[in-house]
Amino acid sequence: MGAKADKVMDVCLQAGEIMLTYGAETYRVEETIERMARAAGFTNVHCFSTTTGIFLSFEESKGHGDLMQMVRVDDRMQDLNKVAEVNQISREFTSGILTVQEAERRLDEISAAKIQYPIWLIHLAAGAAGGGFSYLFGGGLYDFIPAFFAAMISSFTLVKIEGYLRVRFASELAAAFFGSSAAIAFVMLGFGASIDQIIIGSLMPLVPGVPLTNAVRDLLSGDLLAGISRGVEALLTSLSIASGVALAVSIFL
Amino acid sequence: MDLLLEIIITFIAILGFGIILSVPRRVLFIGAGIGSWTWLALQTGLHLGINDVVSTVIASFTAATIAHYLAKKIHIPVTTLSIPGILPLVPGSRAYFTMLSFVEGEYLDGLEFGVETMLQAGGIAAGLVLALSLFSFGKGIGNRYETGS
């Protein structure tokens, strides 16, 4: 096994792992990896990826030096910026601008980088999204403010509880529960009128938009396994949000 | 006038969502713009008396088409634009009322809202699929379903 093949295998799998972890579609992961391996001069390149792992195999030259490796991807997060950056690196690598070493260095940087927006801005953004949607779903203009704070509370709970528990569905349930409890409390204290719209607003930041869109895309491109598992992920998230709200509504209303 | 206010609020809300999903800075505002367009398309459809599932399909289709076109043009993964584009269509309100009806024991209402939620989600998916097919004519999607040529 040549040293170059070893290196290229690592770089390809690292790129794939970052993309899959941070919310790229399966077809994009497979296509990116296959292109990079082909651009590095290997033949018989095959990549198979599901929502939780990537397999990659190629040959150093026709009929010689077969290589095969897999990585398991445990975390699934949402950071579309990292997906876009890895996409950019793969494009530059394929067209020969980047060498293998440079690509590896930049992938390391991306994988170590923090999320591009500061955390307080994310909470504020969750508030703006929640408040905006409470208005769009038929709430009054004055409901913007309680929905803003309720959505901020649910976003804050999600981040904090996920940090301690590291159980995704439990933290979504808790976030939905605290968000809608806050919404009910605001209305009971006299801030805001339409309680349903404020509760919906407080839940909007938790909506599984990325898995849902990716599920459609994966199913359509024939990645049935990945598509179904993403769809189930989105369904589970929706169910844990629904149970969180149901809990809050049946206790406090 | 109300529509203008709604569009501005959609823009702000989608901007917020873009930040939550960490959309790259250079396309954050474009995504919010596509989201506003989606809302405008949906409301125009409803205003013309088209039923809401069909309006959803139209809005989702146009948003996904714009997203695909711009993504090709500025070399960026299409999800960074299409997700903000379809978010205004998410049937959050109906999903909530489905849950509420079941909690209150109104199972028939719950089923009705549930079916509406599924239909609207299906409408979003249909729009995405149509736009994707439009941009994959000739190439096929991932070349997975070969026709034996």
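These protein sequences, in sequence, are chains A and B.
One rule links them: number in the numbering used here = place in the first sequence (from 1) + 11.
One rule links them: number in the numbering used here = place in the second sequence (from 1) + 3.
C-beta atoms are modelled at their ideal positions from N, C-alpha and C, and glycine is treated no differently.
Name the chain B residues whose beta carbon is nearer than 8 Å to that of residue i?
i: A/T224; result: T82, S85, I86, I89 and L131
i: A/R39; result: P80
i: A/R87; result: Neighbours of A/R87 on chain B: none; closest Cβ ~13 Å, over 8 Å.
i: A/L118; result: Simply none; closest approach about 16 Å.
Please state the DSSP three-state secondary structure of residue i.
i: A/F202; result: coil
i: A/D85; result: coil
i: A/H57; result: strand
i: A/D234; result: coil
i: A/F189; result: helix
i: B/G108; result: coil
i: B/E149; result: Residue placement at B/E149 is flagged as unreliable, the pLDDT there being 44, under the threshold of 50; the coordinate-derived value follows with that caveat. Residue state, collapsed to three classes: coil.
i: A/G76; result: strand
i: A/T110; result: coil
i: A/A35; result: coil
i: B/H78; result: coil
i: A/I239; result: helix
i: B/F140; result: coil
i: A/V218; result: coil
i: A/A124; result: coil
i: A/L264; result: coil
i: B/P94; result: coil
i: B/V26; result: coil
i: A/A51; result: coil
Output, in chain order, the set of chain B residues within a Cβ distance shorter than 9 Å of residue i.
i: A/D90; result: L24 and S25
Just mark residue i as buried or exposed, buried being the case when its beta carbon has 16 or more other beta carbons within 10 Å.
i: B/E149; result: Any reading at B/E149 needs caution, since the residue's pLDDT is 44, under 50, leaving its predicted position unreliable; the model's value is listed next. B/E149 comes out exposed.
i: B/N146; result: Summary for B/N146: the model assigns pLDDT 48, below 50, so the residue's position carries little reliability; its value from the coordinates is reported in the next sentence. It is exposed - the Cβ of B/N146 has fewer than 16 other Cβ atoms within 10 Å.
i: A/P219; result: buried
i: B/S152; result: Bear in mind that the predicted position of B/S152 carries a pLDDT of just 41, short of 50, making it too unreliable to give a figure here.
i: B/I77; result: exposed
i: A/A204; result: exposed
i: A/W131; result: exposed
i: A/S251; result: buried
i: A/G13; result: exposed
i: A/Y153; result: exposed
i: B/I17; result: buried
i: A/T63; result: exposed
i: A/N225; result: buried
i: A/A245; result: buried
i: A/R228; result: buried
i: A/A123; result: exposed
Could you work out which residues of chain A lie near residue i, taking near to mean beta carbons separated by less than 8 Å?
i: B/H135; result: What sits at residue 135 of chain B in the sequence shown is Leu, not His. Within chain A, the residues near B/L135 are R228 and L231.
Let's see if you can read the secondary structure: which residues bound the beta strand (DSSP E) around residue i?
i: B/L51; result: B/L51 -> no beta strand (DSSP E), and no H or E assigned at all.
i: A/E70; result: G64 to S72
What residue range does the alpha helix (DSSP H) around residue i cover?
i: A/G141; result: I130 to L147
i: A/Q99; result: L91 to T105
i: A/Q25; result: A14 to T32
i: B/G19; result: D5 to I23
i: A/A162; result: F155 to L176
Interface residues of chain A around residue i at Cβ under 7 Å?
i: B/F20; result: A140
i: B/A128; result: V227
i: B/I33; result: By Cβ distance, chain A contributes nothing, its closest Cβ being about 13 Å from B/I33, past 7 Å.
i: B/I12; result: G143, Y146 and L147
So which residues on chain B does residue i lean against when the C-beta distance must stay under 7 Å?
i: A/F144; result: A16 and G95
i: A/S261; result: V106
i: A/I133; result: I22 and I23
i: A/Q25; result: In chain order: nothing, as chain B lies at least about 18 Å away.
i: A/V56; result: Here the premise fails: no neighbours, minimum Cβ distance about 14 Å.
i: A/Y175; result: Ordered by position in chain B, no residue passes the 7 Å Cβ test against A/Y175, which lies about 20 Å from the chain.
For the ligand GTP, I want to know if residue i counts as a neighbour, meaning its beta carbon is within less than 8 Å of at least one of the ligand's heavy atoms.
i: A/S254; result: No copy of the ligand GTP occurs in the structure displayed, which carries no ligand at all.
Residues from the region 182 to 216 of chain A in contact with chain B, defined by Cβ distance under 8 Å: Under the 8 Å Cβ criterion, the region 182 to 216 of chain A contributes D207, Q208, I210, I211, L214, M215 and P216.
Of all the residues that make up the region 146 to 167 of chain A, which are near chain B by a beta-carbon distance shorter than 9 Å? For the region 146 to 167 of chain A, the beta-carbon criterion of a distance under 9 Å to any beta-carbon of chain B is satisfied by Y146, L147, F148, G149, L152, F155, A162 and S166.
Members of the region 87 to 120 of chain B that neighbour chain A once the beta carbon cut-off is set at 9 Å: Within the region 87 to 120 of chain B, the residues whose Cβ lies closer than 9 Å to any Cβ of chain A are, in chain order, P87, I89, L90, P91, V93, G95, S96, A98, Y99, F100, T101, M102, L103, F105, V106 and E107.
Quick one: which residues of the region 43 to 74 of chain B get their C-beta closer than 9 Å to a C-beta of chain A? List them in chain order. Going along the region 43 to 74 of chain B in chain order, one finds no residue with a Cβ nearer than 9 Å to chain A.
Residues within the region 97 to 113 of chain A neighbouring chain B, beta-carbon criterion of under 8 Å: For the region 97 to 113 of chain A, which is checked against every Cβ of chain B, the residues closer than 8 Å are N98, Q99 and R102.
Taking a Cβ distance cut-off of 7 Å, strictly less, list which residues of the region 231 to 245 of chain A are near chain B, in chain order. Cβ contacts with chain B come from L231, S232 and G233.
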